[in-house]
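Engineer:
Protein chains in written order, with our numbering: chain Z, 1159 to 1473; chain W, 1159 to 1473.
#1: Measuring only between beta-carbons, confirm whether residue 1370(Z) sits less than 8 Å from chain W.
#2: So is residue 1351(Z) buried or exposed if we call it buried at 16+ other beta carbons inside 10 Å?
#3: So residue 1421(Z) and residue 1327(Z) are in contact, right, with Cβ under 8 Å, and what is the actual spacing, rounded?
#4: At 9 Å on the CB atoms, spell out the chain Z contacts of residue 1210(W), in chain order.
#5: Suppose you measure from the CA of residue 1167(Z) to the CA of residue 1436(W); what does that come to, to the nearest Å?
#6: Please list the residues of the stretch 1173-1203 of chain Z that have a C-beta atom closer than 9 Å to any C-beta atom in chain W, keeping them in chain order.
#7: Where residue 1323(Z) and residue 1303(Z) are concerned, what is the direct C-alpha to C-alpha distance, given to the nearest angstrom?
#8: Determine the direct distance from the alpha carbon of residue 1413(W) to that of residue 1453(W), and round the result to whole angstroms.
#9: So which residues of chain Z does residue 1302(W) contact, with C-beta pairs closer than 7 Å?
#10: Under three-state DSSP, which class holds residue 1367(W)?
#11: Buried or exposed for residue 1469(Z), going by 16 or more other Cβ atoms inside 10 Å?
#12: For residue 1389(Z), which residues in the same chain have their Cβ closer than 8 Å to its Cβ, ignoring the five residues on either side in sequence?
#13: Which chain Z residues sit within Cβ distance under 8 Å of residue 1216(W)?
#14: Residue 1299(W) versus chain Z: which residues are under 7 Å apart at the beta carbon?
#15: In terms of residues, what are the limits of the alpha helix (DSSP H) holding residue 1106(W)?
#16: Could you name the residues of the stretch 1266-1286 of chain W whose beta carbon sits closer than 8 Å to any beta carbon of chain B, in the order they occur along the chain?
#17: Provide the residue(s) that pair with residue 1117(Z) in DSSP beta bridges, ordered along the chain.
#18: Measure the Cβ-Cβ separation of residue 1359(Z) and residue 1313(Z) and say whether it is below 8 Å.
#19: Count the other CB atoms within 10 Å of the CB of residue 1402(W); is the residue buried (16 or more) or exposed (fewer)?
#20: Suppose you measure from the CA of residue 1240(W) to the CA of residue 1367(Z); what does that come to, to the nearest Å?
#21: Since residue 1288(W) sits in a beta bridge, which residues does DSSP pair it with?
#22: Helix, strand or coil, according to DSSP, for residue 1348(Z) in the structure here?
#23: Taking only the alpha-carbon atoms, compute the straight-line gap between residue 1272(Z) and residue 1179(W) and give it to the nearest angstrom.
#24: Is it the case that the Cβ atoms of residue 1300(Z) and residue 1363(Z) are separated by a distance below 8 Å?
#25: Please name the residue in 1456(Z), 1345(Z), 1376(Z) whose C-alpha comes closest to that of residue 1237(Z).
#26: Per DSSP, residue 1310(Z) is paired with what?
#27: Keeping to the same chain, check which residues put their C-beta closer than 8 Å to that of residue 1373(Z); ignore five residues upstream and five downstream.
#28: Below 6 Å CB to CB, which residues in the same chain sit around residue 1231(W) once its five sequence neighbours on both sides are set aside?
#29: Compare the C-beta of residue 1213(W) against all C-beta atoms of chain Z and say whether one is closer than 8 Å.
#30: Residue 1221(W) bridges to which residues according to DSSP?
#31: Would you call the CB atoms of residue 1383(W) and residue 1370(W) closer than 8 Å?
#32: How is residue 1416(Z) classed by DSSP in three states: helix, strand or coil?
#33: Any idea what DSSP makes of residue 1430(Z), helix, strand or coil?
#34: Identify, in the order they occur along the chain, each residue of the same chain with its Cβ nearer than 7 Å to the Cβ of residue 1398(Z), setting aside the five sequence neighbours on each side.
#35: Measuring CB to CB, does residue 1315(Z) end up less than 8 Å from residue 1247(Z)?
#36: Assuming residue 1400(Z) is part of the alpha helix (DSSP H), what are its boundary residues?
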């Protein structure tokens, strides 16, 4: 089995580059309610608010070409972007897809890729309405797909930036083993948590404060919330709902779970949607003035754990 | 100087693949007013109509890496997509960009790329509001950028499919030498024809029937209109507004001009926008029952010219 080690790709540099872009994205027109830096951007179009995001799926980075049927590549490309819609507690409208295809890719396989995207998009009620295809000359060029999604917020869009000190921190489902588990792995077959996110938003109302989908891993994605909310987050590692046999560090660090990570005040149901479990894993805490927000992994008996997985680089 | 020969890339296969996708895109929900196959897709969101499209810019395919400053790559990526907005006679709302970056690309150059996209997007009043970045491991991997654009139609969106037999066919500006002309070449420095398209739509009203922007070349893009409108198009090669020293076959075949190609009934002004010339180059004609629509290049004294550039493969 090919192991895709996401950490090899040095996400820190991507984060640095993204922060350069976020920092430069000032002076946006007033119709841009939420610019770069959250799961989706939010536009105010007269009486209508619209969410939009784009994500990439790249051969060797997001899937192992030797072991992954092309149908699951197409499905993942759609679901990754639909998962961003879930993270905002929004309803999908439509999707667009691009593919830059290697020269030996072949027409039949290309058609299967786009057919799979079309079917997955339709199943998510996020129909594929456009896109672009380029056939490339360069041998060795990996397949690069992108999927853009449009969505409607239901009431408020739930951003990363709404966490409040005192909130509890929750995750849906189970974490870990999503990339290197049984084949086909969870990261290729997951269902974006649209129904669960809408259920959550309806049941919690204004008590649902911040949300993200877990793609980088519980630790890093908690750091995204912490940074955006200017607060720190403490995770109790004993509470992380790791899949059977998965140690907490993997469950918190591997990523590609596409579960919801959210902070809320007040009561939160034990299950949402179709009996999907919700687990309280930590809390939002104050951070000392002058310090950057951070994520602390608290291991009951041994005191603080942390830094090893590099989460604090992002926070 | 590096010559980018677009024809090497066998656009026919891309067209075949796109037609597979268009053919499979049935059963779209009613909110999709215009699905895959035009310059942009059109959505009906309650009281608001929204256009959306995505396009790619790929190293070696859309620009020569040895001779192209990275700022012009970013600018082209934005302008190519904004040109799709012009082709629908619409007003840009916002853009999202992705980049899959080769391992040796470097942070400084990445920042310049995104800064250039941000500046070009802001200048087109189409602010960059989101995106995604992936840093890749594979050496030899070309830079792949995508730009998604959202736009508002002004009145009707002008599609490729509205041409009517008897319409005259027009182009804006000058054609040919856009890729292999003086450096920096037109395909890297063009202004998307937003103002001209809006002026045209305002002045012609319902007499403006079909429009596209010229990226594949006058011949192929005329074929896109012909096919979508189920009519044939005859081009008088002596009327093609070729740049000085450019023979008509190159002016009609090279592409990357990003001028407007449109069909209209009635009077059409000689210039639009800021004195941009409009040239009548042909007419929409009937095609014999049972035959596919086609584009005929008519050379005054020598009779029909045609097939050589492969246009009829697409029509």
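C-beta: ideal position from N, C-alpha, C; glycine also. Please read all numbers here as calculations on a predicted model, not as lab measurements.
Structural biologist: Looking at the atomic coordinates:
#1: Put simply, the CB of residue 1370(Z) is far from chain W, with every gap to its CB atoms at 8 Å or more.
#2: buried
#3: 5 Å
#4: 1210, 1252, 1254, 1287, 1288, 1306, 1308
#5: A caution first: residue 1167(Z) carries a pLDDT of 40, below 50, which makes its placement in the model unreliable, though a value can still be read off. C-alpha separation (whole angstroms): 51 Å.
#6: 1174, 1175, 1176, 1178, 1179, 1182, 1183, 1185, 1186, 1187, 1189, 1190, 1192, 1193, 1194, 1195, 1196, 1198, 1199, 1200, 1201, 1203
#7: Here the alpha carbons of residue 1303(Z) and residue 1323(Z) stand approximately 39 Å from one another.
#8: 16 Å
#9: Contacts between residue 1302(W) and chain Z, judged by CB atoms closer than 7 Å, involve 1258, 1302 in chain order.
#10: strand
#11: Because the pLDDT at residue 1469(Z) is just 47, under 50, the model does not fix this residue reliably, and the value given afterwards should be weighed accordingly. Buried, because 16 or more other Cβ atoms sit within 10 Å of the Cβ of residue 1469(Z).
#12: Within the same chain, Cβ atoms closer than 8 Å to the Cβ of residue 1389(Z) are found at 1321, 1322, 1323, 1442, 1443, 1444, 1445, 1451, the five residues on either side in sequence being excluded.
#13: The answer, in chain order, is 1258, 1292, 1294.
#14: 1299, 1300
#15: Because residue 1106(W) is not part of the residues shown, which for chain W are 1159 to 1473, the question remains open.
#16: In the structure shown, chain B does not exist; the protein chains are Z and W.
#17: Limits of chain Z in this structure are 1159 at one end and 1473 at the other, which puts residue 1117(Z) out of reach.
#18: yes
#19: exposed
#20: 36 Å
#21: Bridge pairing for residue 1288(W): 1254(W) [DSSP].
#22: In the three-state reduction of the DSSP assignment, residue 1348(Z) falls in the coil class, being assigned neither a helical nor a strand state.
#23: 7 Å
#24: no
#25: 1345(Z)
#26: 1249(Z)
#27: 1238, 1241, 1379, 1413, 1414, 1415, 1416
#28: 1221
#29: yes
#30: 1217(W)
#31: Their beta carbons are under 8 Å apart, which means residue 1383(W) touches residue 1370(W) by this criterion.
#32: coil
#33: Strand at residue 1430(Z).
#34: 1333, 1376, 1406, 1409, 1410, 1439
#35: yes
#36: Unbroken run through residue 1400(Z): none, as it is neither H nor E.
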